[in-house]
Amino acid sequence: MAAATSSLLELRQVTKQFGETTVLHPTDLQVERGEVVCVIGPSGSGKSTLLRCVNFIAPPTTGAIVFDGKEYHPPKHHRWIPALGMSEEQRLTRLRTEIGMVFQQFNVFPHLTVRENVALGLRKTCGYGKKAADERAVEELAKVGMAEKAAAYPEQLSGGQKQRVAIARALALEPKLMLFDEATSALDPELVGGVLQIMRDLADGGMTMMVVTHEMRFAMDVADRVIFMDRGGIVEEGTPEQFKAPQHERTRAFLQSINRG
Amino acid sequence: MVFAFDTNVISDNSGELLDGLLLTVEVAALGFAIAALLGLPLALAGQSRSPLLRVPATLWVGLARGVPLLIVIFWLYYAAAQEGLFSLTAFVAGALSLGLTGSGYMSEIYRTAFSAVPSGQREGAAAIGLSRFQAFRLIVFPQALRTAIPPGMNVFVMLLKGATLLSVIGLADMFYTAKLVAVNEFKPFELYTAAAVLVIAVTLIAALAAGIAERRLSKGVRR
Amino acid sequence: MTAHVFAALDFGPVWEMRAELLKGIWTMALISVVSFAIAIVGGLVLAAMRQSRSLPISWAGFLLIQVLRGIALYVLLLWLFFGLAAQGGFQFEPIPAGIFALALLNSAYLAEIFRAGYEAVPAGQKEAALACGLPRRTWFAKIHLPQVTQITLPAMGNVFVDIIKDTSILSAIGVTELLRESQRWAQFYELPFEFYTAAALIYIVIVTLVTFGWRRLERRFGRHLHTTPRVRRSRGLLFGIGAKPTTAP
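Residue numbers (this note's numbering), protein chains in the order written: chain A, 1 to 261; chain W, 1001 to 1223; chain H, 2001 to 2249.
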């Protein structure tokens, strides 16, 4: 199912509905390899929904996602015999090994040690043996500065440390695309900088990233492209330069309200 | 009224009384094992999207919680034998009754425990490419088990109390012994008191353990 | 083979004995309601004891509740009838004894439920009410009690259903409730399958009816909680409510 496109990621007319409410209106988007795209906007604008559609954690209602040349559609729900949807689900599961995601609430696994958190993906989805997985895990943890805490449990860590572990966990699978869903919004202010630095380094290293964030300075510094969303739709997109003089009223209003605080 | 409490008749028969008690505890333990094992697939089926799985599971749970234990015992012991379906010993019928009834309760406990696991955990598991089955086995279930233990122990206490009913179908528990000896020795008060105290003590110990488990496990509840 | 077996079922006698079974149901209902009512009173007493400022009374309440919760109904009945009465040479009346045992044991469960309900109501409400000048009596009747009732109602419903089911155990001391009647005719007609299956179905129907009825009661007491329809939210997501679709240029 190869689709004719050179972008790493393409969203075609992707929508998301919860019951009666439309959270994401038909959206088209393209992300090139190595590009860093930052998505900004007020609460409820659908930014997180958009991100979650990309790796089908919250599958879109309609539309298609083309990733690395392969096309993916919202899975059909077979009500009576759930087993019928197996092969499509397996495809999506494999897709998620190529896309890494970091969450606002970290979502590290509390019942596993830090090292086990990172090694789990390697063992279960990449087929690594225990020893190899552990070694790789420690390598990845070292890259985010958490190697000494390998044997600790998440509840012993600060928020920033947990988020680093989450990042290492995502990077361990060597994804082609990294999704960040307000990765620093739940952190104490003094811990935000450390995580942002890791994200900057990743971007400098050429990783393709989609970042939903409230950190304006980060977005303007690091992004190749900025997207402003409001009420379920993309309002404006452009380079950080272009965003210094936004075209739309709503974009201006939003940026002003951010600066006022 | 009798004021002299004859402890000798108790100590003379203490062996049989304790054997009977042990039998009760064994039946309850086996019944609980059955309930805990059965409850898991029941809980999963009850949450399934497919009505094929969900409806029977819901019906089963409704049955298990709506029919008195004694009826289940009578049915399994007498009714099934009549129709030639199967003929069970008192022990097996007892354990099965307890297990089937308990499975309904355990199913609800599992379901509550599953929903107590933060939904972000499932998202995190999906994000690293775990299948739904893997995510359940490696991430959701281990965390849910912790939450399920205190109410599970309460179910065990409930089954322990239910197991006392089994003397009606002839299980040789401590009340059976008490009855036999009382007929011979004409000291029913001492014997029934001893039997009662024994089983109440065991039940209280189990309840105490359940309470301790509940307090310990509700302390470190974090993200 | 199973089909052959099931073809030989004979529910005729069950239908014939419906009057007797109905009597059993009536006895069960009566005992259940009376025991439940007395258990509520007992539960309130025990809960009050626990709340008492006097340490010995509070402790006595605590111990009583814990011990009572560990006693199986059957054990208590056996001890009363075959231990106490047999020794003393007298006899208890089955129905009052049954009601007593049911009420006694369930008052302990209810006491715990009341305590949990009492603690679940935010404490600041009492202070606020008194500060507004409301007399204690009004606060208790119009503010405290309705909320405690609303919180404890579901758990109380569970106790009531358990009492209904536990009346079956009273058959062991000769009370002619539903199970006893089923047993009697099952033995008389030698049709345990038919009679016990019928009894099981009757219990299910009764429990289902009571559960539904109780839920209506819960709804009536929980009116203040089910007001505006809430939009279903997705996991960790906030989205605009009621926003008209805008066309993104």
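Using N, Cα and C, we set each Cβ at its ideal position, and we do this for glycine too.
Rank the options by C-alpha distance to the C-alpha of residue i and give the top, closest one.
i: residue 2141/H; options: 2063/H, 2126/H, 2065/H; result: 2126/H
i: residue 241/A; options: 254/A, 15/A, 223/A, 253/A; result: 223/A
i: residue 2160/H; options: 2010/H, 2034/H, 2177/H; result: 2034/H
i: residue 2095/H; options: 2021/H, 2186/H, 2208/H, 2026/H; result: 2026/H
i: residue 239/A; options: 251/A, 226/A, 247/A; result: 226/A
i: residue 2123/H; options: 2114/H, 2067/H, 2144/H, 2075/H; result: 2144/H
i: residue 2090/H; options: 1188/W, 1206/W, 1213/W, 1209/W; result: 1188/W
i: residue 283/A; options: 198/A, 229/A, 236/A, 237/A; result: Since the first residue of chain A shown is 1 and the last is 261, residue 283/A is not available in this structure.
i: residue 185/A; options: 195/A, 87/A, 177/A; result: 195/A
i: residue 2011/H; options: 2225/H, 2209/H, 2192/H; result: 2192/H
i: residue 2147/H; options: 2220/H, 2165/H, 2106/H; result: 2220/H
i: residue 1225/W; options: 1209/W, 1108/W, 1009/W; result: One cannot answer for residue 1225/W here, as it falls past the ends of chain W, which runs 1001 to 1223.
i: residue 1116/W; options: 1139/W, 1010/W, 1095/W; result: 1139/W
i: residue 164/A; options: 142/A, 151/A, 175/A; result: 142/A
i: residue 2186/H; options: 1005/W, 1075/W, 1029/W, 1103/W; result: 1075/W
i: residue 1059/W; options: 1101/W, 1012/W, 1211/W, 1125/W; result: 1101/W
Hey, how far is the Cα of residue i from the Cα of residue j?
i: residue 59/A; j: residue 170/A; result: 20 Å
i: residue 108/A; j: residue 167/A; result: 10 Å
i: residue 101/A; j: residue 244/A; result: 29 Å
i: residue 1145/W; j: residue 20/A; result: 36 Å
i: residue 94/A; j: residue 1129/W; result: 6 Å
i: residue 2206/H; j: residue 1185/W; result: 44 Å
i: residue 111/A; j: residue 1120/W; result: 14 Å
i: residue 231/A; j: residue 121/A; result: 35 Å
i: residue 2013/H; j: residue 2150/H; result: 45 Å
i: residue 134/A; j: residue 116/A; result: 8 Å
i: residue 154/A; j: residue 1149/W; result: 22 Å
i: residue 1215/W; j: residue 2066/H; result: 16 Å
i: residue 1020/W; j: residue 83/A; result: 48 Å
i: residue 104/A; j: residue 48/A; result: 10 Å
i: residue 1069/W; j: residue 2021/H; result: 19 Å
i: residue 2015/H; j: residue 92/A; result: 58 Å
i: residue 72/A; j: residue 90/A; result: 12 Å
i: residue 156/A; j: residue 2060/H; result: 42 Å
i: residue 2041/H; j: residue 2110/H; result: 9 Å
i: residue 202/A; j: residue 32/A; result: 16 Å
i: residue 2106/H; j: residue 2083/H; result: 22 Å
By Cβ distance, which residues of its chain are closer than 8 Å to residue i, with the 5 residues on each side in sequence left out?
i: residue 206/A; result: 34
i: residue 27/A; result: 11, 13, 14, 15, 50, 63, 233, 234
i: residue 254/A; result: 40, 41, 42, 228, 230
i: residue 1213/W; result: 1149, 1150, 1153
i: residue 1045/W; result: 1053, 1054, 1056, 1057
For residue i, return the contacting residues in chain W, with the cut-off set at a CB-CB distance below 9 Å.
i: residue 193/A; result: Residues of chain W passing the Cβ test: none, with the nearest at roughly 22 Å.
i: residue 124/A; result: 1128, 1129, 1130, 1131, 1134, 1138
i: residue 170/A; result: 1127, 1128
Residues of chain A with a CB under 7 Å from the CB of residue i: which are they?
i: residue 1148/W; result: Here the premise fails: no neighbours, minimum Cβ distance about 14 Å.
i: residue 1142/W; result: 111
What residues of chain H sit near residue i, judged by a beta carbon separation below 8 Å?
i: residue 1213/W; result: Those within 8 Å of residue 1213/W in chain H number zero; the least Cβ separation is about 16 Å.
i: residue 1203/W; result: 2070, 2071, 2072
Might you give, ordered along the chain, the residues of its own chain that have their beta carbon closer than 6 Å to the beta carbon of residue i, omitting 5 neighbours on each side?
i: residue 1105/W; result: 1155
i: residue 2157/H; result: 2214
i: residue 2/A; result: Confidence in residue 2/A is poor, its pLDDT being 49 and thus under 50, which makes the residue's placement unreliable; the coordinate value appears in the next sentence. Only 69 meet the Cβ criterion.
Kindly list, in the order they appear in chain H, the residues whose Cβ is closer than 7 Å to that of residue i.
i: residue 1082/W; result: 2192, 2193
i: residue 1071/W; result: 2168, 2179, 2196, 2199, 2200, 2203
i: residue 1207/W; result: 2069, 2070
Strictly below 9 Å CB to CB, what residues from chain A border residue i?
i: residue 1116/W; result: What residue 1116/W touches in chain A: nothing, since even the nearest Cβ is about 13 Å away.
Residue i touches chain C at which residues, Cβ-Cβ below 8 Å?
i: residue 2208/H; result: Here chain C cannot be found, since the structure's protein chains are A, W and H.
Can you pull the chain W neighbours of residue i, defined as C-beta to C-beta under 7 Å?
i: residue 2172/H; result: 1168
i: residue 2165/H; result: 1068
i: residue 107/A; result: 1120, 1121, 1123, 1124
Taking C-beta pairs closer than 9 Å, name the residues in chain H that residue i reaches, listed in chain order.
i: residue 1095/W; result: Per Cβ cutoff of 9 Å: no residues; residue 1095/W is ~17 Å from chain H at best.
So, for residue i: in the same chain, excluding its five sequence neighbours on each side, which residues have a beta-carbon less than 7 Å away from its beta-carbon?
i: residue 2092/H; result: 2080, 2081, 2085
i: residue 2166/H; result: 2073, 2102
Could you work out which residues of chain W lie near residue i, taking near to mean beta carbons separated by less than 8 Å?
i: residue 103/A; result: 1120, 1123, 1124, 1127
Against chain H, which members of the segment 1160-1180 of chain W pass a CB distance test of less than 9 Å? Here the close residues are 1160, 1161, 1162, 1163, 1164, 1165, 1167, 1168, 1175, 1178, 1179.
Relative to chain W, which residues along the segment 2068-2092 of chain H have a C-beta separation below 7 Å, given in chain order? So the list reads 2069, 2070, 2071, 2072, 2074, 2075, 2078, 2079, 2082, 2083, 2084, 2086, 2087, 2088, given in the order they occur along the chain.
Anything in the segment 1018-1052 of chain W with a Cβ closer than 9 Å to a Cβ of chain A? List those residues in chain order, please. Correct list: 1048, 1049, 1050, 1051, 1052.
Against chain A: residues of the segment 1104-1131 of chain W by CB proximity under 7 Å: So the list reads 1120, 1121, 1123, 1124, 1126, 1127, 1128, 1129, 1130, 1131, given in the order they occur along the chain.
Mind listing which residues of the segment 61-74 of chain A have their C-beta closer than 9 Å to chain W's C-betas, in chain order? Residues of the segment 61-74 of chain A whose Cβ lies closer than 9 Å to any Cβ of chain W: none.
Note down, in chain order, all residues in the segment 1183-1201 of chain W with a beta-carbon under 7 Å from any beta-carbon belonging to chain A. Within the segment 1183-1201 of chain W, no residue has a Cβ that lies closer than 7 Å to any Cβ of chain A.
Taking a cut of 9 Å between CB atoms, which residues from the segment 158-192 of chain A lie near chain W? Of all residues in the segment 158-192 of chain A, 162, 166, 169, 170, 172, 173, 179 have a Cβ within less than 9 Å of some Cβ in chain W.
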